[in-house]
Amino acid sequence: MVHFTAEEKAAVVSLWAKVNVELVGGEVLGRLLVVYPWTQRFFDNFGNLSSESAIMGNPKVKAHGKKVLTSFGNAVKHMDDLKDTFAELSELHCDKMHVDPENFKLLGNMILIVLATHFSKEFTPQVQAAWQKLTAAVANALAHRYH
Amino acid sequence: MGFLSAEEKGLVNGLWGKVNVDEVGGEALGRLLVVYPWTQRFFQSFGDLSSADAIMSNSKVKAHGKKVLNSFSDGLKNIDDLKGAFAKLSELHCDKLHVDPENFRLLGNVLVCVLAHHFGHDFNPQVQAAFQKVVAGVANALAHKYH
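Chains as they are written, first to last, in this note's numbering: chain A, 1 to 147; chain B, 148 to 294.
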């Protein structure tokens, strides 16, 4: 189990409180699809993903990004129990969606980068460290039920 | 086509022209040591690395970060032959410094975060995609002479 110190939890929670989940979620997923184009294979039915502006403006991308980041919000509430929190989603991503777990790390990196672009004052090294630890732990939790 | 398209080169050079290489270097190395604390093992002689504040204000960290990023900057001038540009440094990191090449990817990630933090929304998805390609290319070039 990953152990988060009180300071790390505080750093995560305080930044999360300022995140516009809808906006940031859409941007995170959009950037994943732009920067790592092979990830588009999971979203064939999302319509136009033919260019950066198409992807970033695509309403299905925004909606799904919001869904993904809302789910990530659960991680913030259950930082001491990530494996159980994400057990069902882990099985889903393995059994139904067949997503290579490496992609969870890539999405985690995207979250960090989007937070960095949005929060010039708050994204200190300590905040970055806490969030890097959280996204890595969520990626592990999502991979945990893979078989 | 070389390593980057003409458009990608334009985006990278356009952003890089606005980067204070000395300052960003110190920040990137500092954040590496904070976010991935095991990397501190390569810098035992740097003095006080006992806290995030100590690391970020450490003068040896800043000086070395400046050196690292100036070397990265030189590499950018040879973007179509990164393996050639970083051949000697690759040998040095393997034979003398014994640095696990995974750390080059970590530094690349941190650099992307620092650029995102500094440039905010100017660090748009296309710029990010081009930069991620560059840092991956540099990391590969630095690993290329490992044996």
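For each residue, glycine too, the CB sits at the ideal point set by N, CA and C. All of these numbers come straight from a predicted model, not from anything done at the bench.
message: Distance cutoff 8 Å, beta carbons only. Does P59(A) sit that close to anything in chain B?
response: Against chain B, the CB of P59(A) has no partner CB under 8 Å away; the residue lies outside that interface.
message: Classify S237(B): buried if its beta carbon has 16 or more other beta carbons within 10 angstroms, exposed otherwise.
response: Buried: at least 16 other Cβ atoms inside 10 Å.
field: V35(A): contacting residues in chain B (beta-carbon distance under 8 Å)
entry: For V35(A), the residues of chain B that pass the 8 Å Cβ criterion are P272, Q275, A276 and Q279, in the order they occur in the chain.
message: Assess contact between the region 126-143 of chain A and the region 172-185 of chain B, defined as three or more Cβ pairs (one per stretch) separated by less than 8 Å. Is contact present?
response: The region 126-143 of chain A vs the region 172-185 of chain B: in contact.
task: Counting only the same chain and skipping the five closest in sequence on each side, list residues whose C-beta sits under 7 Å from that of V68(A).
output: Here the set comprises G25 and L29.
- prompt: Would you call the region 30-48 of chain A and the region 102-110 of chain A in contact, with 3 or more CB pairs under 8 Å?
  reply: The answer is yes - the region 102-110 of chain A touches the region 30-48 of chain A, with three or more Cβ pairs under 8 Å.
field: N- and C-terminal bounds of the alpha helix (DSSP H) containing V246(B)
entry: Under the DSSP assignment, V246(B) falls outside any alpha helix (DSSP H); it carries neither an H nor an E label.
task: For the region 192-199 of chain B and the region 255-267 of chain B, state whether three or more C-beta atom pairs, one from each stretch, are separated by less than 8 Å.
output: Judged by Cβ distances under 8 Å, the region 192-199 of chain B makes no contact with the region 255-267 of chain B, as fewer than three pairs qualify.
Residues in the region 101-134 of chain A having any Cβ partner in chain B nearer than 7 Å: Here the close residues are N109, L112, I113, A116, T117, S120, F123, P125, Q126, Q128, A129 and Q132.
message: Does K77(A) pass the burial test, meaning 16 or more other C-beta atoms within 10 Å, or should it be called exposed?
response: Answer is exposed; the Cβ neighbour count stays below 16.
- request: Assuming A141(A) and F86(A) form a contact by the criterion Cβ under 8 Å, report the distance between their Cβ atoms to the nearest whole angstrom.
  value: Their Cβ separation, rounded to whole angstroms, is 4 Å, which keeps A141(A) and F86(A) in contact under 8 Å.
task: With a 10 Å radius around its C-beta and 16 neighbouring C-beta atoms as the bar for buried, classify L244(B) as buried or exposed.
output: It is exposed - the Cβ of L244(B) has fewer than 16 other Cβ atoms within 10 Å.
field: H265(B) versus S152(B), E155(B) and L162(B), residue with shortest Cα-Cα distance
entry: Nearest of S152(B), E155(B) and L162(B) to H265(B), Cα basis: L162(B).
query: Between which two residues does the alpha helix (DSSP H) containing N217(B) stretch?
result: Element bounds for N217(B): S206 to L223.
field: Min CB distance M186(A) to chain B below 8 Å
entry: There is no way to answer for residue 186(A), as the model of chain A reaches only from 1 to 147.
- prompt: Which chain B residues are close to G30(A), counting only those with a beta carbon under 7 Å from its beta carbon?
  reply: Per Cβ cutoff of 7 Å: P272.
message: Suppose the cutoff is 7 Å on Cβ atoms and the five residues either side in sequence are ignored; what does the same chain contact list for I55(A) look like?
response: Only G30, L33, V34, L49 and V61 meet the Cβ criterion.
message: Please list, in chain order, the chain B residues whose beta carbon lies closer than 9 Å to that of E52(A).
response: Under the 9 Å cutoff, chain B gives N271, P272, Q273 and A276.
query: With F278(B) and V159(B) assumed to form a contact (beta carbons below 8 Å), what rounded beta-carbon distance in angstroms separates them?
result: With a contact defined as Cβ atoms closer than 8 Å, F278(B) and V159(B) qualify at about 6 Å.
message: So H268(B) contacts chain A; which residues on that side make the cut at Cβ distance below 7 Å?
response: Under the 7 Å cutoff, chain A gives T117.
- prompt: Taking the Cβ atom as the reference point for each residue, do T117(A) and H268(B) lie within a distance shorter than 8 Å?
  reply: Yes, they are a contact pair.
- prompt: For the alpha helix (DSSP H) that L15(A) lies in, which residues bound it at each end?
  reply: DSSP places L15(A) inside the alpha helix (DSSP H), whose first and last residues are A6 to W16.
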